[in-house]
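*Asks:*
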Amino acid sequence: LDALDDRKPDLLGLSNYTWNLELGAFVARRAKALYPDLPFIMGGPNIGTDLSDIESFLQERDFVDVYCMYGSERPVADIIGRLLDQPEANRNGQWLRAQTFDRCCTLVDGRLSGNAASEPEKELDFLPSPYTTHLLDEFLHEGMIPMFETNRGCPYSCTYCFWGVDALNKLAKFSLDRAFAELDYVTRFGVDFSELYFCDANFGIL
Numbered sequence: 222l223d224a225l226d227d228r229k230p231d232l233l234g235l236s237n238y239t240w241n242l243e244l245g246a247f248v249a250r251r252a253k254a255l256y257p258d259l260p261f262i263m264g265g266p267n268i269g270t271d272l273s274d275i276e277s278f279l280q281e282r283d284f285v286d287v288y289c290m291y292g293s294e295r296p297v298a299d300i301i302g303r304l305l306d307q308p309e310a311n312r313n314g315q316w317l318r319a320q321t322f323d324r325c326c327t328l329v330d331g332r333l334s335g336n337a338a339s340e341p342e343k344e345l346d347f348l349p350s351p352y353t354t355h356l357l358d359e360f361l362h363e364g365m366i367p368m369f370e371t372n373r374g375c376p377y378s379c380t381y382c383f384w385g386v387d388a389l390n391k392l393a394k395f396s397l398d399r400a401f402a403e404l405d406y407v408t409r410f411g412v413d414f415s416e417l418y419f420c421d422a423n424f425g426i427l
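Here the sequence shown stands for residues 222 to 427, where the numbers follow our numbering.
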């Protein structure tokens with residue numbers, strides 16, 4: 222919030238989980254009050270997957286310009302790239318809502334627009350590692366528990382699990398070389414971690 226008071230960001234993006242939805246909404250409304258044309262994106266699993274559910278979610282949260290569904294690293298990179306290609310005067314929420322991005326939804330005249338699902342990548346090594354690129358070093362120095370992901374998606378349809386939705390039932394994976402490189406980096410980092418977490422959709426399925 223202090224950073225928002227200091228200057229307008231080019232783009233604000235927040236995650237959406239059950240534990241932070243209202244906190245994120247508070248921040249977003251504060252940001253939009255300060256900068257009404259600020260482009261704002263949100264993503265995360267705390268949203269229904271039916272088109273009517275997505276539409277209702279966005280109608281109740283008019284501060285969201287674009288919602289990124291499922292694994293959205295490429296769409297977010299596309300959003301940033303296209304914003305950077307625009308003259309500064311066009312880098313606003315209204316311009317953002319008028320665009321189409323893969324796996325993203327928005328409201329146009331109060332009605333849902335966009336594409337909530339697409340064929341996911343099967344190989345995930347195109348994503349840079351946050352460990353071997355040193356992005357998480359400061360958190361490792363603090364002794365925070367490292368979390369790893371070696372695959373995404375699950376072919377089963379358990380009703381109690383978000384991974385059971387149709388859009389997430391195809392498996393995607395990081396290579397073993399990538400997984401071992403991250404584990405090697407963390408275990409040789411010089412901090413004695415009491416635990417390691419694996420955040421796979423279905424650990425051990427491969």
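Where a beta carbon is used, it is the ideal one built from N, C-alpha and C, also for glycine. Please read these numbers as outputs of a predicted model, since none were measured by experiment.
Can you tell me where the alpha helix (DSSP H) holding Thr-408 begins and where it ends?
*Replies:* On the sequence shown, residue 408 is found 187 positions in, with the first residue counted as 1. Taken as a continuous stretch (DSSP letters only), the alpha helix (DSSP H) holding Thr-408 covers 397-408.
*Asks:* Around the C-beta of Phe-360, are 16 or more other C-beta atoms found within 10 angstroms, so that it is buried, or is it exposed?
*Replies:* Taking the first residue of the sequence shown as position 1, residue 360 is located at position 139. It is exposed - the Cβ of Phe-360 has fewer than 16 other Cβ atoms within 10 Å.
*Asks:* Sorted by chain position, which residues of the same chain lie with C-beta nearer than 6 Å to Leu-389's C-beta, five sequence neighbours on each side aside?
*Replies:* Sequence index remark: in the sequence shown, residue 389 carries index 168 (1-based). These residues qualify, in order along the chain: Gly-374.
*Asks:* The beta strand (DSSP E) that contains Phe-261, what's its start and end?
*Replies:* Within the sequence shown, numbered from 1, the residue matching residue 261 stands at position 40. Per DSSP, Phe-261 belongs to the beta strand (DSSP E) from 261-264.
*Asks:* When the distance is taken between beta carbons, is Pro-260 closer than 7 Å to Asn-336?
*Replies:* Taking the sequence shown and counting its residues from 1, the one referred to as residue 336 is at position 115. Taking the sequence shown and counting its residues from 1, the one referred to as residue 260 is at position 39. Not a contact, by the Cβ cut-off of 7 Å.
*Asks:* Going by DSSP in three states, Lys-253 sits in which element: helix, strand or coil?
*Replies:* For this step, residue 253 is matched to residue 32 along the sequence shown. Reduced to three states, the DSSP call for Lys-253 is helix.
*Asks:* Residues in its own chain within less than 6 Å of Thr-371 by CB, not counting five upstream and five downstream?
*Replies:* On the sequence shown, position 150 is the one that residue 371 refers to. Cβ within range, chain order: Phe-395, Ala-400 and Asp-421.
*Asks:* Applying the criterion that 16 or more other CB atoms from any shown protein chain within 10 Å of the CB defines a buried residue, is Phe-284 buried or exposed?
*Replies:* Mapped onto the sequence shown, residue 284 falls at position 63. With 16 or more other Cβ atoms within 10 Å, it is buried.
*Asks:* Do Asp-286 and Arg-318 count as a contact pair if the criterion is CB distance below 7 Å?
*Replies:* By 1-based counting over the sequence shown, the position of residue 318 is 97. By 1-based counting over the sequence shown, the position of residue 286 is 65. Contact: yes.
*Asks:* Assess contact between the segment 260-271 and the segment 234-249, defined as three or more Cβ pairs (one per stretch) separated by less than 8 Å. Is contact present?
*Replies:* Yes, since at least three Cβ pairs between the segment 260-271 and the segment 234-249 fall closer than 8 Å, the two stretches touch.
*Asks:* Should the segment 286-304 be regarded as contacting the segment 324-336, the criterion being three or more beta carbon pairs within less than 8 Å?
*Replies:* Cβ pair count under 8 Å is three or more, so yes.
*Asks:* At which residue ranges does the segment 251-329 contain complete alpha helix (DSSP H) runs of 4 or more residues, listed in the order of the chain?
*Replies:* Here the runs fully enclosed are 272-281, 294-306 and 314-318.
*Asks:* Straight-line CA distance for Pro-367 to Leu-255?
*Replies:* Numbered from its first residue, the sequence shown carries residue 367 at position 146. Numbered from its first residue, the sequence shown carries residue 255 at position 34. Approximately 36 Å between the Cα atoms of the pair.
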